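Undergrad: Here it is, the structure in full.
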DNA sequence: ATATAATTTAGTTAATCATCTAAATATTTT
DNA sequence: AAAATATTTAGATGATTAACTAAATTATAT
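Chains as they are written, first to last, in my numbering: chain B, 250 to 339; chain P, 250 to 339.
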């Protein structure tokens with residue numbers, strides 16, 4: 250999980266909705282796309298941002314790319330956020 | 250606290266450092282500025298982003314503007330982040 | 001090996017963002 | 001009320017971002 254990139258990724262409602270969808274079950278890019286009114290390339294971009302931030306994992310299954318939440322990643326973002334103001338220093 | 254704006258505000262290292270400074274004590278814009286190598290207008294912009302996001306409060310004291318953490322705001326961001334993946338729906 | 005399906009990459013465009021300089025506003029001091 | 005101090009607002013610029021269309025890639029099915 251890359252903190253800075255993760256926060257940038259999370260600062261977009263579309264990407265947060267993708268994460269919520271993935272919290273219920275793993276989904277292919279195409280399945281995710283059906284929940285949005287954007288083109289496939291735009292969705293692919295968002296998935297790439299989430300991937301680069303270390304918030305999701307990708308795996309291939311036939312011709313589909315399956316996306317899943319990276320376990321503990323969002324929890325870690327939340328914790329590091331709290332650490333900013335709670336820890337003595339760093 | 251405006252969730253979307255707050256995440257955008259937090260996605261910047263300078264602004265996170267400002268929040269960390271404010272977690273130790275309330276500071277004027279000028280005092281904050283001494284910790285960074287940016288111009289006063291740039292700092293003012295960052296403070297405005299934090300203010301608009303509902304993460305900090307502003308109050309005047311003489312000719313200084315004192316900034317302080319908005320109590321509970323960052324905790325609320327962290328909680329809403331966790332809620333994305335933990336709550337049944339919404 | 002060719003066609004189809006799923007998805008990404010390439011390249012463009014419009015919008016947003018961080019930064020700067022210069023000017024304006026608010027407050028205190030002389 | 002004029003000067004000095006603290007900070008913001010205005011306006012410009014270069015960089016990043018989200019979206020699109022068109023083309024390329026990867027894998028299955030005929």
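For glycine and all other residues, C-beta sits at the position ideal for the given N, C-alpha and C.
Note that this is a predicted model, so its numbers are computed, not measured.
#1: Take every Cβ of the stretch 251-269 of chain B, pair it with every Cβ of the stretch 288-296 of chain B, and state whether three or more of those distances are shorter than 8 Å.
#2: Is there a Cβ of chain P sitting closer than 7 Å to that of residue 330 of chain B, yes or no?
#3: Return helix, strand or coil for residue 339 of chain B, following the three-state DSSP convention.
#4: Could you name the residues that DSSP lists as bridge partners for residue 315 of chain P?
#5: According to DSSP, is residue 325 of chain B part of a helix, a strand, or is it coil?
#6: Check whether the stretch 307-315 of chain B touches the stretch 271-279 of chain B, counting contact only when three or more Cβ pairs, one atom from each stretch, lie closer than 8 Å.
#7: With 7 Å as the threshold, decide whether the Cβ of residue 322 of chain P is near any Cβ in chain B.
#8: Residue 272 of chain P CB to nearest chain B CB: under 7 Å?
#9: Below 8 Å between beta carbons is the criterion; list the residues of the stretch 293-322 of chain B that meet it against any residue of chain P, in chain order.
#10: Using a beta-carbon distance below 7 Å, is residue 276 of chain B in contact with chain P?
#11: Short of 7 Å in beta carbon distance, which residues of its chain neighbour residue 314 of chain B, apart from the five on each side in sequence? Order them along the chain.
#12: Check residue 264 of chain P in the structure and name its three-state DSSP category.
#13: At which residues does the alpha helix (DSSP H) containing residue 252 of chain B begin and terminate?
#14: Please name the residue, chosen from B:286, B:318, B:319 and B:303, that lies closest to residue 256 of chain B on a Cα-to-Cα basis.
#15: Within its chain, find whatever has a CB closer than 7 Å to the CB of residue 289 of chain B; leave out the 5 residues flanking it on each side and keep chain order.
#16: Taking the straight line between their C-alpha atoms, what separation do you get for residue 327 of chain B and residue 272 of chain B?
#17: Kindly say whether residue 281 of chain B, judged by its beta-carbon, lies nearer than 7 Å to any beta-carbon of chain P.
TA: Let's see:
#1: A contact exists between the stretch 251-269 of chain B and the stretch 288-296 of chain B.
#2: Yes, residue 330 of chain B counts as interfacial toward chain P.
#3: At residue 339 of chain B, the pLDDT of 43 sits below 50, so the modelled position is not reliable and the matter cannot be decided from this model.
#4: Paired residues: P:277 and P:308.
#5: The DSSP-derived three-state label of residue 325 of chain B is helix.
#6: Contact between the stretch 307-315 of chain B and the stretch 271-279 of chain B is present, because at least three Cβ pairs lie under 8 Å.
#7: So, not an interface residue.
#8: Yes, contact with chain B.
#9: Residues are counted here when their Cβ sits less than 8 Å from a Cβ of chain P; for the stretch 293-322 of chain B these are 318, given in chain order.
#10: No, because no Cβ of chain P sits closer than 7 Å to the Cβ of residue 276 of chain B.
#11: Result list for residue 314 of chain B: 277, 278 and 307, in chain order.
#12: Residue 264 of chain P falls in the helix class under three-state DSSP.
#13: Looking at the DSSP string, the run of the alpha helix (DSSP H) that includes residue 252 of chain B is 252-259.
#14: Shortest Cα-Cα distance from residue 256 of chain B to any of B:286, B:318, B:319 and B:303 involves B:303.
#15: Once the five neighbours on either side are set aside, the close Cβ partners of residue 289 of chain B are 282.
#16: Between the alpha carbons of residue 327 of chain B and residue 272 of chain B lies a distance of about 16 Å.
#17: Cβ-Cβ to chain P under 7 Å: no for residue 281 of chain B.
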